[in-house]
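For the sequence shown, counting from 1, position 242 maps to 242 in UniProt numbering; every step adds exactly one. The structure appears right after this line, and notes come after that.
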Amino acid sequence: MDYRLVRHLMYFLTVAEERHFGRAAERLGISQPPLSNQIKVLEHALGVQLLDRSRNGVRLTPEGQAILPHLQRFADHARRLENAVTEAKNGRSLNMVIGAVTSAMFSPLGPTIRELRNCRPDLNISLIEMDSSDALSALENEEIDVAFVRANRVWAPLEVLPLFEDQLVVALPDNHPLLSENAVSLPMLANERMVLCPRRVSPVYHDQIISACQQAGFSPRIFHEAKSILSQIAFVGCGIGVALVPLSLQNLGTVGVEFRPLLEKVDVITTALAWSKLRKHPDNDLLADIARKSMVK
1 MDYRLVRHLM YFLTVAEERH FGRAAERLGI SQPPLSNQIK VLEHALGVQL
51 LDRSRNGVRL TPEGQAILPH LQRFADHARR LENAVTEAKN GRSLNMVIGA
101 VTSAMFSPLG PTIRELRNCR PDLNISLIEM DSSDALSALE NEEIDVAFVR
151 ANRVWAPLEV LPLFEDQLVV ALPDNHPLLS ENAVSLPMLA NERMVLCPRR
201 VSPVYHDQII SACQQAGFSP RIFHEAKSIL SQIAFVGCGI GVALVPLSLQ
251 NLGTVGVEFR PLLEKVDVIT TALAWSKLRK HPDNDLLADI ARKSMVK
């Protein structure tokens, strides 16, 4: 590896982030002319122009835009490497990055994180809201340490610990005729406009809803695809349609939305704790134990 090239690339990353040579030089602790020269050396070495320079600052060329995401990931991994060295010297990990689906946020996830902080006050915990697909990809790419996801099977490179099961309920606009019913049967929804998350966002959740409707004798009329379960409920409140959502979300108090239980017994939504088999965080077992106990309460 050419470490001079790495240094030049990091210079370019700083300029790309600041969009200004002066601010980038100040951030790097060097003067502006040497920084400008180093970028020119980098462009010559790569054989492409990375920046368009003007009196108002700089902007990325198409080539610069193409390599920027790769550099940002490289810089993130470099920071993780520095943290890993520090943690190794201290004999323990100081950081834990946790991904979590929205519905898990309204389950006993809160008590779980609080208890983990009580047990490990020196642990820096970062909690990131993300859908199941992104969380599982982030685990495989080592971008997060553990994830609370909707899952009903085992992914080969991951360990999955089921924590709790969430029943589906029907979310209805507050002026919907079905609110006259104490409970709703799935066939009653056959002609309703349905709001649903796309499969790429949450394959398990999406497939379970489609399967439940098909077993009831119809294919759902998907009128709108929402980016998250939480936004599904918001769209229901706007009168866009109806939705099948986890029971744990019915206490949100969303304006314009009411809920009814399903008469049918359908497959439940399982929330699980997932982590990489190849990269297990030192506090993974502690978190899993706390999560299990929290879900029992």
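Ideal Cβ positions, reconstructed from N, Cα and C, are used throughout, including at glycine. All of these numbers come straight from a predicted model, not from anything done at the bench.
- The three-state secondary structure of valine 242, taken from DSSP, is strand.
- Burial is judged here by how many other beta carbons sit within 10 angstroms of a residue's own beta carbon; valine 204 has at least 16 and is buried.
- Shown here for methionine 188: same chain residues with a beta carbon closer than 8 Å to its own, the five before and five after excluded, namely Leu178 and Glu181 in chain order.
- Glycine 47 sits in coil when the DSSP states are folded into three classes, being neither helix nor strand.
- Within the region 109–168, the runs of beta strand (DSSP E) that reach at least 3 residues and sit entirely inside it are, in chain order, 124–129, 146–150 and 158–166.
- In this chain, the alpha helix (DSSP H) harbouring glutamate 26 covers 21–28.
- When Trp275, Gly64 and His281 are compared, the shortest CA-CA separation from proline 162 is found for Trp275.
- Here DSSP, grouped into helix, strand and coil, assigns valine 204 to helix.
- When beta bridges are read from the DSSP output, alanine 272 appears opposite Val149 and Pro162.
- At a Cβ-Cβ threshold of 8 Å, leucine 252 and isoleucine 233 count as neighbours.
- By DSSP's assignment, arginine 59 forms a beta bridge with Asp52.
- Closest in C-alpha terms to alanine 243, from the list Leu287, Cys197, Gln215 and Asp285, comes Cys197.
- For the pair threonine 112 and leucine 273, the Cα-to-Cα distance works out to about 12 Å.
- Linking leucine 5 to leucine 42 through their CA atoms gives a straight-line distance of about 7 Å.
- According to the DSSP assignment, methionine 105 belongs to no beta strand (DSSP E) but to the alpha helix (DSSP H) extending over 102–105.
- Aspartate 285 and glutamate 115 have their C-alpha atoms spaced approximately 14 Å apart.
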